[in-house]
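This report concerns only the one structure given below.
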Amino acid sequence: MTVETVEVPGDLGAFAEYVRTRVGTFVNEFDSTTEDSVDSSDRIAAVEELRDGHDAAVATQRRLQRALFDAGIAWPSGPLDLGGLGLTFAHDTVLDTVLDELGLPSREALFVGLNIVAPAVVHHASADLRSSVVTGLYRGDLIGCQLFSEPGAGSDLAGVSTKAVRDGDDWVLTGQKVWTSMGHLADVGEALVRTDPNAPKHAGLTMFLVDMHAPGVTVRPIRQMTGGAAFNEVFLDEVRVPDSHRIGGIGDGWTVASTSLGNERSTMSGAAGPLTPYVMERVVGLVRRLEAEADPLLRPQIARTVAAVAAMRAASGLSAGSWSHRMEPVAGSVLKMLMATAADEISALAAAVLGERAFVDHGEKDAFAWSEFVLGVPALHLAGGTDEIQYNVIAQRGLGLPRR
Ligand SMILES: Cc1cc2nc3c(=O)[nH]c(=O)nc-3n(C[C@H](O)[C@H](O)[C@H](O)COP(=O)(O)OP(=O)(O)OC[C@H]3O[C@@H](n4cnc5c(N)ncnc54)[C@H](O)[C@@H]3O)c2cc1C
Numbered sequence: 160m161t162v163e164t165v166e167v168p169g170d171l172g173a174f175a176e177y178v179r180t181r182v183g184t185f186v187n188e189f190d191s192t193t194e195d196s197v198d199s200s201d202r203i204a205a206v207e208e209l210r211d212g213h214d215a216a217v218a219t220q221r222r223l224q225r226a227l228f229d230a231g232i233a234w235p236s237g238p239l240d241l242g243g244l245g246l247t248f249a250h251d252t253v254l255d256t257v258l259d260e261l262g263l264p265s266r267e268a269l270f271v272g273l274n275i276v277a278p279a280v281v282h283h284a285s286a287d288l289r290s291s292v293v294t295g296l297y298r299g300d301l302i303g304c305q306l307f308s309e310p311g312a313g314s315d316l317a318g319v320s321t322k323a324v325r326d327g328d329d330w331v332l333t334g335q336k337v338w339t340s341m342g343h344l345a346d347v348g349e350a351l352v353r354t355d356p357n358a359p360k361h362a363g364l365t366m367f368l369v370d371m372h373a374p375g376v377t378v379r380p381i382r383q384m385t386g387g388a389a390f391n392e393v394f395l396d397e398v399r400v401p402d403s404h405r406i407g408g409i410g411d412g413w414t415v416a417s418t419s420l421g422n423e424r425s426t427m428s429g430a431a432g433p434l435t436p437y438v439m440e441r442v443v444g445l446v447r448r449l450e451a452e453a454d455p456l457l458r459p460q461i462a463r464t465v466a467a468v469a470a471m472r473a474a475s476g477l478s479a480g481s482w483s484h485r486m487e488p489v490a491g492s493v494l495k496m497l498m499a500t501a502a503d504e505i506s507a508l509a510a511a512v513l514g515e516r517a518f519v520d521h522g523e524k525d526a527f528a529w530s531e532f533v534l535g536v537p538a539l540h541l542a543g544g545t546d547e548i549q550y551n552v553i554a555q556r557g558l559g560l561p562r563r
């Protein structure tokens, strides 16, 4: 479909209005009852659990992404030549916020592809790969996953041992990845692998885009303490990847990974991350419904929560306005820590206000639903790199402190 040429306002308020108008043409097609088979109206999660019985939700998210693409607003911060609007991260946040306000389904199945894989492809891949893959991701045709962590390489990511060996125009990948969010839904995976075992560890890495439906790719679910299984282990058994699907130069894998990680960490603090406007609305609603603000024992926790959320929003808003699609690693680490702190405070507040009703299901709406959120929050201190790793990045790369 051809996107009609219209003047897109740069001012954030006017842009929000513009988005509302564009979305207004199709908003009625997305009745929230089509989103999920479970009682989605009461669910509240820190880490999304799209697995069994969620096929309809994933199909709806793809359809929503396609509608946004056709309306020309799928990717505000994206480059103009790839179908983006050439605006800033702040405009991405405005889009996510307006979609949330309008009650449209969140697009968590697409989060990794849009916020982790796409930036790497945009900044490092060949022109052909960029145009085909990035358009596919932004149109909702492709779901992406991140094949970085391994059983022996998480925080020490440069220590990955999955290997790629050149064979003519292809590379042959063998190894195991783990904690792969959305791997079971993915069409493409951004895989950090070792191409030169003799080079220093950061220099021997190369990034590839793997077809997740290719022979030799096996995806197995990992069950989490929330009861869901949002991530997976992925086995790569002599998987052939054409050299044209290399992202960046041979040996440049670490640089490409840094682009993905910077974006991942920073978008986690935005409206598309775990603390959506919906989550904020729910926690405010909970406090008001139970009149917790009248309780002097709960007031300090309410104040801590408000302060943490305000700090996250302020920092996220500041950085989103000043950076384009490629986020600096230090800023990403700061934003991720502010998000994780705010998530802790929300979780502590919900648990304090509800007491045992957060964990024992009495059939009360807006009570036991919080257990999924509270149990999911610890994962936010690990995903995208643990707290300790963010502190190391901030200390060494931001503040110039020496390594210990
Ligand atoms: C919800 C969720 C989703 C995820 N999704 C993905 C995904 O899609 N793709 C993917 O590739 N990975 C994913 N991960 C994996 C995540 O990136 C890793 O869990 C994380 O990087 C930590 O690695 P690890 O689990 O191996 O822990 P380890 O590296 O073994 O760390 C264990 C502990 O040691 C500490 N530690 C390690 N090194 C240092 C150091 N140098 N200084 C101080 N402390 C240190 C850590 O902080 C941690 O507390 C996900 C994780 C979660 C929880």
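Using the working numbering, you'd call the opening residue of the sequence shown number 160 and step up by one each time.
For every residue, glycine included, the Cβ atom is placed at its ideal position computed from N, Cα and C.
Here the structure is a predicted model, which is why all the values come from computation and not from measurement.
Asked	Found
Neighbour-count burial assignment, Y177, 16 or more Cβ in a 10 Å radius	buried
Same chain, Cβ closer than 8 Å to L560, five either side skipped, listed in chain order	A554
Beta-bridge pairing of I302 - partner residues as DSSP gives them	DSSP output for I302 lists no bridge partner at all.
Among A470, Y550 and R179, the one whose alpha carbon lies nearest that of H250	R179
Nearest-angstrom beta carbon gap, T365 and G327 [assumed within contact, 8 Å]	Not quite, the Cβ-Cβ distance comes to about 16 Å (not below 8 Å), so this is no contact.
Where G348 sits in the DSSP three-state scheme	strand
Identity of the residue in T184, G522, N391 and A226 nearest C304 by Cα	N391
Length of the line joining the Cα atoms of H521 and L513	12 Å
Own chain, CB closer than 6 Å to M160, minus 5 neighbours either side, in chain order	In this prediction, M160 scores a pLDDT of 47, lower than 50, which makes its location untrustworthy; no coordinate-derived value is stated.
Within 8 Å, strictly: CB atoms of L395 and V376	yes
Same chain only: Cβ atoms within 7 Å of I409, ignoring 5 sequence neighbours per side	T354 and T365
Heavy atom of ligand 1 within 7 Å of K495 beta-carbon	no
Anticipated Cβ contact below 8 Å, V398 with A373, distance rounded	5 Å
Cβ-heavy atom distance, A538 to ligand 1, below 7 Å	yes
When L351, A511 and S290 are compared against V400, the one with the closest alpha-carbon	L351
Within 8 Å, strictly: CB atoms of L541 and M384	no
The region 255–270 contacting the region 213–220, beta-carbon criterion three pairs below 8 Å	yes
Nonlocal neighbours in the same chain, by C-beta distance under 7 Å from I461, ignoring five residues either side	V446, A451, E452 and L508
Closer than 7 Å: A542 CB and nearest ligand 1 heavy atom	yes
Own chain partners of D546 with C-beta closer than 6 Å, once the 5 adjacent residues on each side are dropped	H540
Any non-hydrogen atom of ligand 1 within 7 Å of E547 CB	yes
Neighbourhood of V536 by C-beta, 7 Å cutoff - its chain only, sequence neighbours within 5 removed	A205, A502, D503 and S506
Sheet register partners of G334 (DSSP bridge)	L395
Residue nearest to P278 in terms of C-alpha spacing, selected from T414, G334 and V319	T414
Proximity test, G313 beta-carbon vs ligand 1 heavy atom, cut-off 7 Å	yes
CB of L434 within 8 Å of CB of V369, strictly	no
Nearest residue (CA-CA) to V438, options A528, P488 and L288	A528
Contact belief for V337 with P310 at Cβ below 8 Å, rounded distance in angstroms	5 Å
Rounded straight-line distance, which links the Cα of D201 to that of L258	19 Å
Touch test, the region 292–304 against the region 314–332, Cβ-Cβ under 8 Å, three pairs minimum	no
Cross-strand partners of F390 (DSSP beta bridge)	I381
Span separating the alpha-carbon of G363 from that of A416	13 Å
Same chain, Cβ closer than 8 Å to N274, five either side skipped, listed in chain order	N422, E423, T426 and A431
Residues bridged to M366 [DSSP beta-bridge criterion]	L351 and I406
Cβ-Cβ distance between L241 and V293 below 8 Å	yes
Collapsed DSSP secondary structure at R181 in the structure displayed	helix
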